[in-house]
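So the sequences go chain by chain: G and D. Take any residue in the first sequence, note its place counting from 1, add 2, and you have its number in this note's numbering. Take any residue in the second sequence, note its place counting from 1, add 23, and you have its number in this note's numbering. Reviewing the structure listed below.
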Amino acid sequence: MSRDWQSAALLLAIMITVALLATLAPPAMQRTVTEAFVKLVVVIGLYIFVGNSGVFSFGHVGFMAIGGYVSAILTILPAKKQVALDLPPFLETLQLPGLAAMAIAMLVAAIIALLVAAPLMRLRGIALPMATFALLVIVHVVALNWQSVTGGRQALVGLPRFTGLWTAVGGAALALVVATIYQQTRHGLALRCSRESEVAAAATGIDVGRERLIAFVLSAVVVAMGGVLFAHFLGTMTANTFFLDLTFVTLTMLVVGDMRSLLGACAGVALVSVVSELFRSLERGIDMGGHVIEAPPGLQEIALAVILLVILIMRPHGLVGDWQLAWPKKKAKEGS
Amino acid sequence: MIVIQNAIDAISLGAVYALAALGIGLIFSIMRLINFAHGELIMVGGFTLYALAGQPYLVMGLAAILVAAILALGLERVAFRPLRKASPATLLISSFAVSYLLQHVMLMIFGSRPMGVDFLPQLGDAVELGPLRVPELQLAAIVVTVISMTGLALFFRRSRIGVEMRAAAEDFTMARLLGVRANRVIAAAFVISGVLASMVSLYLVAQTGTVSYKMGVNMVLIAFVASVIGGMGSLVGAALGGFLVGIVSVSLQAYLPVDLRPYRDAFVFLAFIAFLLWRPQGLMTRRADMERV
Chain G
3 MSRDWQSAAL
13 LLAIMITVAL
23 LATLAPPAMQ
33 RTVTEAFVKL
43 VVVIGLYIFV
53 GNSGVFSFGH
63 VGFMAIGGYV
73 SAILTILPAK
83 KQVALDLPPF
93 LETLQLPGLA
103 AMAIAMLVAA
113 IIALLVAAPL
123 MRLRGIALPM
133 ATFALLVIVH
143 VVALNWQSVT
153 GGRQALVGLP
163 RFTGLWTAVG
173 GAALALVVAT
183 IYQQTRHGLA
193 LRCSRESEVA
203 AAATGIDVGR
213 ERLIAFVLSA
223 VVVAMGGVLF
233 AHFLGTMTAN
243 TFFLDLTFVT
253 LTMLVVGDMR
263 SLLGACAGVA
273 LVSVVSELFR
283 SLERGIDMGG
293 HVIEAPPGLQ
303 EIALAVILLV
313 ILIMRPHGLV
323 GDWQLAWPKK
333 KAKEGS
Chain D
24 MIVIQNAIDA
34 ISLGAVYALA
44 ALGIGLIFSI
54 MRLINFAHGE
64 LIMVGGFTLY
74 ALAGQPYLVM
84 GLAAILVAAI
94 LALGLERVAF
104 RPLRKASPAT
114 LLISSFAVSY
124 LLQHVMLMIF
134 GSRPMGVDFL
144 PQLGDAVELG
154 PLRVPELQLA
164 AIVVTVISMT
174 GLALFFRRSR
184 IGVEMRAAAE
194 DFTMARLLGV
204 RANRVIAAAF
214 VISGVLASMV
224 SLYLVAQTGT
234 VSYKMGVNMV
244 LIAFVASVIG
254 GMGSLVGAAL
264 GGFLVGIVSV
274 SLQAYLPVDL
284 RPYRDAFVFL
294 AFIAFLLWRP
304 QGLMTRRADM
314 ERV
């Protein structure tokens, strides 16, 4: 079995173990773990493009929003849609099962990603990440103002909450498998080559723009799946959920582990989720012998930013660095 | 007449954008850092005004400038100096982290609700210029920008550190070999960017009368666009880009069909992407920034 599959199998085993442990925990804790798995889907999706290409994208949360809104429109009860939105009749009466809605949402994200990225991937250097910023802003402005479809500034409520613990784990497993397969294909290898040296890759005949496009579309689809899961986890959609803060959190998750490996991406999600949960419980207040110690709101985010900065400064390749997961090595036979 | 009115709107808005873009362009030209936290320098300037509300306006304004400059200096020392050798992408992420950090420190101290500040409300009055009515704030924005830019131009040509800064922007390694002190030049650049940011906060607070922990975000996104359009690293370009974005925004606001107007910013950013595809290197490009193999 290849190194990549060994690592994926072990990660999968760890994920299932964590999920099994979570089933024993109280419901609040289970929700936290579910949310972490949903974020993992998004971060793995982000990894497919950012990790393999080395190019930062600030626009992927936009695809989360697109996935979430499409799925919301397809699953909310027609009666509720009639009140909150102003959709064409065939969309208003339509109500699909979750999986079908998710598939359509991912398809829509794929088409938009293809249309948008085809010209964008020609950009080089710092212009490309800046353009992805523009993408995020455009999606956000549209979501905030397209009253008849997204509900505009009001929250869109009434999404069926079908994202439970095992749905999220299933999504994360699927994302992991897709990412593992992708990075072993010709395209994945070529893109990783361009990450190390764009010039050398181009010189060996790799069409860097095209490889980036393939990864971008694939990663947008996976991120959109994460967006669908997230929307049906929250049960509501607001435009402001899918903007800079979420972009920051997901990028932090990707970078603190090691953005160049799936193991790093998973480790980053785990670390950030644990830290967030610790501080969230601090913010709720801890009873210490009659005295309730309560951290002010905002501390969780501050901790996150500090951790990211410290890791960027002290360990530029992330916590995990170049460490890889693999089977324990068999001892060499005597005499060989 | 409406055309002239719109032109004045465009120039004054462009002037503010140009100030914000200059702050970002200056830092980028010297250390390849796209400083997302520039927005938080603006925000902290605004909160200084809030904290000193009731003092004479001059005191409030000078304090805001001072605080933003000191904060910029501090950020350089604590967060960006250790990362000086990092790639532009890593620097961008780290400035993103600094921005997030500062926002939430302010959230922790002041809460998330926007708060009213009384700062030069009389600038809202309009001046009659023939048939035109121009808010004083717009005139002030134009005047302040012109003065700042003239000051900057003189600083870059006449003062020793200004010349060093230009040399560092041209070729940092070479400048250091010739005796330019890296720490001094970069620190000075951050102080200037802090001062420029505080000017923007004075404008924003005088215009809206409120401060909030997210007040710098929109401005910094626009300033990004402006500085990239100008050509990252070129100061003249950044200023030009600022005015251009101002003109595009005001024209869209004025001439878009009414039901599309709420989407104005989406169109601005769409135009930005279109511009990038046409001229990814920006309007003004320096030879030193061309990628070489």
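Each residue gets a CB set at the ideal place from its N, CA and C atoms; glycine is no exception.
Beta-carbon separation of residue i and residue j under 7 Å?
i	j	result
LEU219 (chain D)	LEU42 (chain D)	yes
ILE65 (chain D)	GLY269 (chain D)	no
PRO131 (chain G)	PHE65 (chain G)	no
SER275 (chain G)	ALA38 (chain G)	yes
ALA261 (chain D)	GLY37 (chain D)	no
ARG156 (chain D)	ALA149 (chain D)	yes
PRO111 (chain D)	ILE128 (chain G)	yes
ALA10 (chain G)	THR187 (chain G)	no
GLY190 (chain G)	GLY266 (chain G)	no
LEU106 (chain D)	LEU114 (chain D)	yes
THR77 (chain G)	PRO162 (chain G)	yes
VAL159 (chain G)	THR36 (chain G)	no
GLY153 (chain G)	ALA67 (chain G)	no
TYR236 (chain D)	LEU130 (chain D)	yes
GLY62 (chain D)	VAL228 (chain D)	no
SER55 (chain G)	ALA203 (chain G)	no
ARG262 (chain G)	MET123 (chain G)	no
ALA109 (chain D)	SER250 (chain D)	no
Under the three-state reduction of DSSP, which class applies to residue i: helix, strand or coil?
i	result
ARG317 (chain G)	coil
PRO90 (chain G)	coil
ALA149 (chain D)	strand
THR308 (chain D)	coil
VAL40 (chain G)	helix
VAL143 (chain G)	helix
PRO280 (chain D)	coil
GLU336 (chain G)	Residue confidence is low: GLU336 (chain G) scores 49 on pLDDT, short of 50, so the model does not pin down where it sits. No coordinate-derived value is stated.
PRO80 (chain G)	helix
MET17 (chain G)	helix
GLY288 (chain D)	For the record, residue 288 (chain D) in the displayed sequence is Asp; it is not Gly. DSSP places ASP288 (chain D) in helix when its eight states are reduced to three.
PRO303 (chain D)	coil
MET24 (chain D)	coil
ALA30 (chain D)	helix
ASP194 (chain D)	coil
ARG156 (chain D)	strand
ALA297 (chain D)	helix
THR254 (chain G)	helix
LEU10 (chain D)	Because chain D spans 24 through 316 in this model, residue 10 (chain D) falls outside it and cannot be assessed.
THR249 (chain G)	helix
ASP260 (chain G)	coil
MET138 (chain D)	strand
THR134 (chain G)	helix
LEU158 (chain G)	strand
Against residue i, what residues of chain G qualify as contacts under a CB-to-CB distance less than 7 Å, listed in chain order?
i	result
HIS102 (chain D)	Looking at the sequence provided, one finds Ala at residue 102 (chain D) rather than His. Under the 7 Å cutoff, chain G gives LEU311.
PHE292 (chain D)	ALA136, VAL139, ILE140
PRO105 (chain D)	ILE315
PRO137 (chain D)	Residues of chain G passing the Cβ test: none, with the nearest at roughly 14 Å.
Starting from residue i, find everything on chain D with Cβ-Cβ shorter than 9 Å and list it in chain order.
i	result
ARG194 (chain G)	Within chain D, no residue comes near ARG194 (chain G); the closest Cβ sits about 16 Å away, beyond 9 Å.
LEU79 (chain G)	Those within 9 Å of LEU79 (chain G) in chain D number zero; the least Cβ separation is about 28 Å.
ILE128 (chain G)	PHE51, ARG55, ILE57, PRO111, ALA112, LEU115, VAL251, MET255
VAL308 (chain G)	ALA120, LEU124
Taking Cβ-Cβ distances shorter than 8 Å, what residues in chain D pair up with residue i?
i	result
GLY298 (chain G)	First, the residue type needs correcting, since residue 298 (chain G) is Pro and not Gly in the sequence shown. Here the neighbours are MET131.
PHE58 (chain G)	ALA112, LEU115, ILE116
VAL322 (chain G)	Simply none; closest approach about 17 Å.
For residue i, return the contacting residues in chain D, with the cut-off set at a CB-CB distance below 7 Å.
i	result
MET132 (chain G)	PHE247, VAL251
ASN2 (chain G)	Nothing about residue 2 (chain G) can be read from this structure; chain G reaches only from 3 to 338.
LYS303 (chain G)	Looking at the sequence shown, residue 303 (chain G) is not Lys but Glu. Simply TYR123, HIS127.
Name, please, each residue of chain G whose Cβ falls closer than 8 Å to the Cβ of residue i.
i	result
ALA109 (chain D)	LEU314, PRO318
Could you name the residues of chain A that residue i contacts, counting a contact when the two beta carbons are closer than 7 Å?
i	result
VAL271 (chain D)	Among the chains of the structure shown, chain A does not appear; the protein chains present are G and D.
At 9 Å on the CB atoms, spell out the chain G contacts of residue i, in chain order.
i	result
ALA289 (chain D)	VAL139, ILE140, VAL141, HIS142, VAL143, VAL144, ASN147
(request) Counting only runs of 4+ residues fully inside the stretch 173 to 208 of chain G, write out the alpha helix (DSSP H) ranges in chain order. (result) 188 to 198, 200 to 205
(request) For the stretch 113 to 124 of chain D, enumerate the residues whose C-beta is nearer than 8 Å to any C-beta of chain G, in chain order. (result) THR113, LEU115, ILE116, SER117, PHE119, ALA120, VAL121, TYR123, LEU124
(message) For the stretch 145 to 157 of chain D, list every residue whose C-beta sits within 9 Å of some C-beta in chain G, in sequence order.
(response) none
(request) May I ask you to list, following chain order, the residues of the stretch 64 to 81 of chain D that have a beta carbon less than 7 Å from some beta carbon of chain G? (result) none
(request) Write down every uninterrupted run of the alpha helix (DSSP H) in the stretch 210 to 256 of chain D whose length is 4 residues or greater and which is fully enclosed by it, in chain order. (result) 240 to 253
(request) Mind checking the stretch 242 to 270 of chain G against chain D and listing, in chain order, the residues whose C-beta falls within less than 7 Å of any C-beta there? (result) LEU246, PHE250, LEU253, VAL257
(request) Determine which residues of the stretch 113 to 126 of chain G have a Cβ less than 8 Å from any Cβ of chain D, and write them out in chain order. (result) PRO121, LEU122, ARG124, LEU125, ARG126
(request) Output, in sequence order along the chain, the residues in the stretch 198 to 228 of chain G whose CB is closer than 8 Å to any CB in chain D. (result) VAL201
(message) Tell me which residues of the stretch 193 to 206 of chain D have at least one Cβ-Cβ distance to chain G shorter than 8 Å, keeping chain order.
(response) none
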